[in-house]
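K.L.:
Numbering (this note's numbering), first residue to last: 284 to 733.
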Amino acid sequence: MTTSTQDPMAVVPRILFVHAHPDDETITTGGTIAALVGEGARVTVLSATRGEDGEVIPADLKGLEGNRAGLARVREAEVAEAMAALGVREHLFLGGSAHTFEDSGMEWGPDGHAVAASTMPANALCAAELSTVSRYIASVIDEVRPHAVITYAANGGYGHPDHVRVHEATVAAVDLAAWRAGRLLFVDVPAEVAHETFDANQPGFAETGFSPAQTIPTKPPVSEIVIAQDISSVLGDKRSALAAHRTQVAVSGGFFALSNGIGMKIVDHEYYSIGAGTPISAQRLRSGPAPHVLTDLDIAACETQTPSAVGAAPLRRRRREPKKPGFFAYAHAVVLAVLIGFLGAMQHLNVSVFDLAGATVILPWGLVLSLLLAACGLWHLKTMYLSSSPMLVAALVIVILSYVLGQPTWLPGADIIVTGTLRSAAWLIGPMFIAAILAFIKVRRPTAAR
284 MTTSTQDPMA
294 VVPRILFVHA
304 HPDDETITTG
314 GTIAALVGEG
324 ARVTVLSATR
334 GEDGEVIPAD
344 LKGLEGNRAG
354 LARVREAEVA
364 EAMAALGVRE
374 HLFLGGSAHT
384 FEDSGMEWGP
394 DGHAVAASTM
404 PANALCAAEL
414 STVSRYIASV
424 IDEVRPHAVI
434 TYAANGGYGH
444 PDHVRVHEAT
454 VAAVDLAAWR
464 AGRLLFVDVP
474 AEVAHETFDA
484 NQPGFAETGF
494 SPAQTIPTKP
504 PVSEIVIAQD
514 ISSVLGDKRS
524 ALAAHRTQVA
534 VSGGFFALSN
544 GIGMKIVDHE
554 YYSIGAGTPI
564 SAQRLRSGPA
574 PHVLTDLDIA
584 ACETQTPSAV
594 GAAPLRRRRR
604 EPKKPGFFAY
614 AHAVVLAVLI
624 GFLGAMQHLN
634 VSVFDLAGAT
644 VILPWGLVLS
654 LLLAACGLWH
664 LKTMYLSSSP
674 MLVAALVIVI
684 LSYVLGQPTW
694 LPGADIIVTG
704 TLRSAAWLIG
714 PMFIAAILAF
724 IKVRRPTAAR
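Quick look at the structure:
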C-alpha cells in the first residue's frame, strides 16, 4: 500500500465493498473488512438486497422462512450487528429510500452450483434492468469516492444469480460513475483453498456436528489471483460477525455452516484478482500474491482527480489474455478432425441428378454438406480456444486423412471413397481453404452482458 494511515498528512483510504445479501460481506470479505478498519481505513459496505428469500436455520425462527418482509427486518438487524463486530460504521442498502431490490432466490443445479430460480418477485435484483442496478451503484461510488471497489468475480463464487448480477452491475458502475476508483477487485478462491475450506478431515471438524461436503460448490477461479489478504489477526472479529447472521449461519469453533449444514473452515486468508485499475507490479508478484488489497495503489494520486470533471476517462478493465492452447486443445482438434475427415470422405460424392429442359444437372449436395461440416468444426475450434493453431492442425489432419483414403495401394478399395473427380479434389483442398479464411477472422473472449 503506497499510502500509510500512520502519516497524519496522508489520505485515509476509502474502500467500497458491494455485495448481494447480508452475510455475503462477512463470509467472503469479512476478514479484509476488519483488517482495513483496524488500519484506520474508511470502509463502506453496500448490500444490494435484504436477503428476503433466505432459508432460516434456528428452529425458533423457522416461521420467518417465506415471510419476506419479516425476514428482511431480521436480516437488517443481523447485518447491523455484523457491521459492529467488524468495526464498520457505514453500511448501505442499494437504492436507499428510493428503490428496494429484493433477493432473487436460487436453485441448486445438477452440477452442484447455484442457478436462477424458476420464479422471482417483480422487484427482484435479477428482474431489474442491469442499467438501473449499475446507476444506483454508480451513485454510491460518487458519494463514497472509493479508492478501491471490491465485489464478486464473474462466477458469483458458487453461481448465485444475484452475485453474478452484482458483479456485472459493479463492473458497469465503475465506468459509469464520475469518480474514478483506482482499482476494481474481485473475490476469487484458489482451488486448493476451496478444498481446504470443505475438508472434513481437519482437526476440530468432527466436534462441530456439521456434515462433510460431497461436492465443492465453489467455482474455479475466473482470473489470476494476485492478492492474498492475511486476516489471521482478525479471525475473531470475522467469527463474531458470522455468528451475528444467526438466521443464515451456524458457527462452531473454527468452522461455520449455512442452511445446508455443510461445514466450512474459517480460513486465514481472503483472495482477490484485479478486474481493472492499478495492477500489482510484476516484481512484487515474483514472490507470490501481494499481501494487501491496496498494495501498489497510489492513494494520493487517486485523490487528486476532480470528480466532476467532464469527460473523465473511465476505469478501463484489464482483460485477461487467453492462455495459449495446450495439449488438450490439439488432442481435441485431432479427434474432431478424424471424425470430420472420415464422414466427409464417405459423404462428399453423393449427388442428385435432374433433367432440366433436356439438360442433365448434377447437384453435389454431398460435397456441400461435407464442407459445411468441416467449416462448423473448424469454427468451433477457433472460437473455443481463441486461436487459429488447433483449427489449422485439424484442417491438415482432415486433408491428410482424405488423401490416405484415396490411395488404393495403401488401403485397398479406398479409391472408391475418394476418387479422381472434381468433387474429390474440392474435398481435398476445401478444408484448408476454409481454415485459411477463418484464420483471418478475429474472435474475442465473451464479456459480461451490459
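Even for Gly, the Cβ is constructed at its ideal location relative to N, Cα and C.
1) Flag this pair as yes or no: are the beta carbons of V423 and L329 separated by less than 8 Å?
2) 8 Å is my cut-off, CB to CB: does G346 come that close to chain C?
3) Report buried or exposed for Q512, applying the criterion of at least 16 other Cβ atoms within 10 angstroms of its Cβ.
4) Near T643, what residues of its chain come up, given a Cβ to Cβ distance below 7 Å and the 5 sequence neighbours on each side ignored?
5) Spell out a yes or no on whether the stretch 626-635 and the stretch 706-726 are touching, meaning 3 or more CB-CB pairs, one atom from each, closer than 8 Å.
6) Under 8 Å by Cβ, that's how I've got L369 and V357 pegged, so tell me the actual separation to the nearest angstrom.
7) What residues in its chain sit with their C-beta under 6 Å from that of G314, if we drop five residues either side in the sequence?
8) Does the distance from the CB of T332 to the CB of D445 come in under 8 Å?
9) Could you tell me which whole alpha helix (DSSP H) segments of length 4 or greater appear in the stretch 470-543?
10) Return the bridge partner residues of D638 from the DSSP annotation.
11) I'd like to know if the stretch 605-620 and the stretch 488-503 are in contact, where contact means that at least 3 CB-CB pairs between them fall below 8 Å.
12) DSSP three-state call for L299: helix, strand or coil?
13) Could you give the residue range of the beta strand (DSSP E) that holds L375?
14) Can you name the residues that DSSP bridges to S685?
15) Along the chain, where does the alpha helix (DSSP H) containing K665 start, and where does it finish?
16) Report the partner residues of K548 according to the DSSP bridge assignment.
17) I need the straight-line Cα distance from V320 to P296, nearest angstrom please.
18) Tell me the start and end of each unbroken beta strand (DSSP E) in the stretch 313-352 that is at least 3 residues and wholly inside, in chain order.
19) Alpha carbon to alpha carbon, how far is S556 from G465? Give it in angstroms, no decimals.
20) How many whole angstroms separate the CB atoms of D386 and G337, which I take to be in contact at a CB cut-off of 8 Å?
21) Go ahead and label P495 buried or exposed: buried means 16 or more other beta carbons lie within 10 angstroms of its beta carbon, across all protein chains shown.
22) Is A583 closer than 8 Å to V326 when the C-beta atoms are compared?
23) Return the residue from the list T383, V509, H528, F610 that minimises the CA-CA distance to T561.
24) Taking only three categories from DSSP, how would you classify I424?
25) Could you spell out the range, first to last residue, of the beta strand (DSSP E) harbouring T434?
26) Which word fits F723, buried or exposed, when buried means at least 16 other C-beta atoms lie within 10 angstroms of its C-beta?
27) Using the Cβ count rule (16 or more neighbours within 10 Å means buried), how would you classify E361?
28) Looking only at DSSP bridge pairs, what is I712 linked to?
29) What are the start and end residues of the alpha helix (DSSP H) that includes I623?
30) Please confirm whether A677 and L661 have their CB atoms less than 8 Å apart.
31) If you count every other CB in all the chains shown that lies within 10 Å of the CB of N438, and 16 or more means buried, which is it?
32) If A411 sits next to F376, beta carbons under 8 Å apart, how far is it from one beta carbon to the other, in whole angstroms?
33) Using a 10 Å radius around the Cβ and a threshold of 16 neighbouring Cβ atoms, would you call P673 buried or exposed?
34) Can you list, in chain order, the residues of its chain whose CB lies under 6 Å from that of L299, leaving out five sequence neighbours each side?
35) Please classify I717 as buried or exposed, where buried requires at least 16 other C-beta atoms within 10 Å of its C-beta.
36) Is the Cβ-Cβ distance between L344 and T587 less than 8 Å?
P.N.:
Working from what's here:
1) yes
2) Of the protein chains in this structure there is only one, and it is not chain C.
3) buried
4) V636
5) Short answer: they touch.
6) Going by Cβ atoms, the distance from L369 to V357 rounds to 19 Å, so no, they are not a contact pair.
7) The residues are I514, V517, K521, E553.
8) Yes, Cβ-Cβ distance for T332 and D445 is below 8 Å.
9) 474-480, 518-527
10) T643
11) no
12) strand
13) 373-376
14) Bridge partners of S685: none, in fact.
15) Bounds of the alpha helix (DSSP H) holding K665 are 648-668.
16) According to DSSP, K548 bridges with F538.
17) 10 Å
18) 325-330
19) 14 Å
20) D386 to G337, Cβ: 7 Å. Contact.
21) exposed
22) Here V326 is not near A583, since their CB atoms are 8 Å or more apart.
23) V509
24) helix
25) 431-435
26) exposed
27) buried
28) Listed as beta-bridge partners of I712 by DSSP are no residues whatsoever.
29) 610-630
30) yes
31) buried
32) Incorrect: roughly 14 Å between the Cβ atoms, too far for contact.
33) buried
34) For L299, where only same-chain residues beyond five positions count, the Cβ hits under 6 Å are T327, V427, P429, V432.
35) buried
36) The answer is no: Cβ separation not under 8 Å.
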